[in-house]
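Heads up, the thing below is written out as structure tokens.
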Amino acid sequence: MKTEQLIRALAADNAREGRPPALTIVLALLAGFSVSLAAFVLWIGPRPDLAQAVQTWPFLLKPVEMLALVGAAAVIVLRLAQPGMSADAAMRVAALAAAVMIAAAAVELVRLPQAQWMVQLSGQHWQICVMNMVLLALPMLAALLLALRHAAPTRPALAGGGAGLLAGAVSAALYIVHCPDDSPLFVAAWFGMAIAITAALGAGIGARVLRW
């Protein structure tokens with residue numbers, strides 16, 4: 010039996026033994042998100058000027074960017090959970106979402122005086138924002154990695170990285186409700202860093218725990 014046939018057979022056996030891998034992954038993400046949401050509500054909470062912020066384009070750009078990244082990352086995870094499936098198209102969409110963030114930051118740099126660049130980049134508490142987004146992503150990352158252990162990923166590090174990308178993007182999308190800094194430069198730098206940290210964590214852990 011060829012390697013590809015063996016992988017497909019093992020994946021089929023896994024699907025017959027329980028629920029489909031896609032459903033397991035979705036349920037895991039929802040379970041992890043419920044923990045992250047509870048932590049957000051109890052310890053972080055929404056920004057006090059949220060009603061006013063949603064009427065501005067810099068704020069509205071944030072959910073567009075984050076939700077596009079969430080959608081692409083979800084497809085990446087679902088495809089990499091199955092042997093022989095390519096996630097190249099979804100990866101290009103994720104790269105496009107990142108490019109939009111960078112382009113928006115570049116536009117802001119052009120429009121602002123140079124003296125304001127560091128003010129916009131630093132925001133109020135960029136370190137706290139990065140830390141909070143990574144911490145909020147951890148329950149979702151753990152749940153997704155556990156779900157992927159019951160699937161058949163043939164590229165463990167890449168699948169783990171996809172799980173981290175998805176967890177980080179969902180965490181960032183949730184954190185929009187709290188973060189008082191709407192600058193595209195701030196979002197590209199620090200939201201991007203938090204998501205990258207979570208993706209790197211997922212890749213590192215996935216390389217170890219998703220081998221089969």
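In my numbering, each residue carries its 1-based index in the sequence shown increased by 9.
By construction, the Cβ of each residue, glycine as well, lies at the ideal position given by its N, Cα and C atoms.
**Request:** May I ask you to report which of helix, strand or coil DSSP gives residue 160?
**Result:** coil
**Message:** Whole angstroms are fine: how far does the CA of residue 209 sit from the CA of residue 166?
**Reply:** 9 Å
**Message:** Does residue 181 come out as helix, strand or coil in the three-state DSSP assignment?
**Reply:** helix
**Request:** Hey, could you find the ends of the alpha helix (DSSP H) residue 101 is sitting in?
**Result:** 97-120
**DSSP-derived helix/strand/coil call for residue 90** = coil
**Request:** Report the residue from 55, 111, 171 whose alpha carbon sits nearest the alpha carbon of residue 214.
**Result:** 171
**Item:** Close beta carbons around residue 211, own chain, < 6 Å, minus the five adjacent residues each side
**Value:** 150, 169, 170, 172, 173
**Request:** Please go through the same chain and pick out, in chain order, the residues whose beta-carbon is closer than 6 Å to the beta-carbon of residue 44, but skip the five residues on each side of it.
**Result:** 148
**Item:** Own chain residues within Cβ distance below 7 Å of residue 106, not counting five before or after
**Value:** 74, 77, 78, 81
**Request:** Compute the Euclidean distance between the alpha carbons of residue 189 and residue 40, then round it to the nearest angstrom.
**Result:** 27 Å
**Message:** Looking only at its chain, what residues have a beta carbon closer than 8 Å to the beta carbon of residue 216, apart from the 5 residues adjacent to it on each side?
**Reply:** 165, 166, 169
**Request:** Out of 85, 127, 108, point me to the one whose CA is closest to residue 97's CA.
**Result:** 85
**Request:** Name the residue from 186, 154, 125, 155 whose alpha carbon lies nearest to the alpha carbon of residue 57.
**Result:** 186
**Prompt:** Excluding sequence positions up to five away, which residues of its chain have a Cβ less than 7 Å from the Cβ of residue 53?
**Reply:** 141, 187
**Request:** Report the rounded CA-to-CA distance for residue 91 versus residue 61, giving the unit in angstroms.
**Result:** 44 Å
**Request:** Can you say whether residue 110 is buried or exposed, counting buried as having 16 or more other CB atoms within 10 angstroms of its CB?
**Result:** buried
**Request:** Select from 145, 102, 117 the residue whose C-alpha is nearest the C-alpha of residue 180.
**Result:** 145
**Prompt:** residue 153: buried (16+ other C-beta within 10 angstroms of its C-beta) or exposed?
**Reply:** buried
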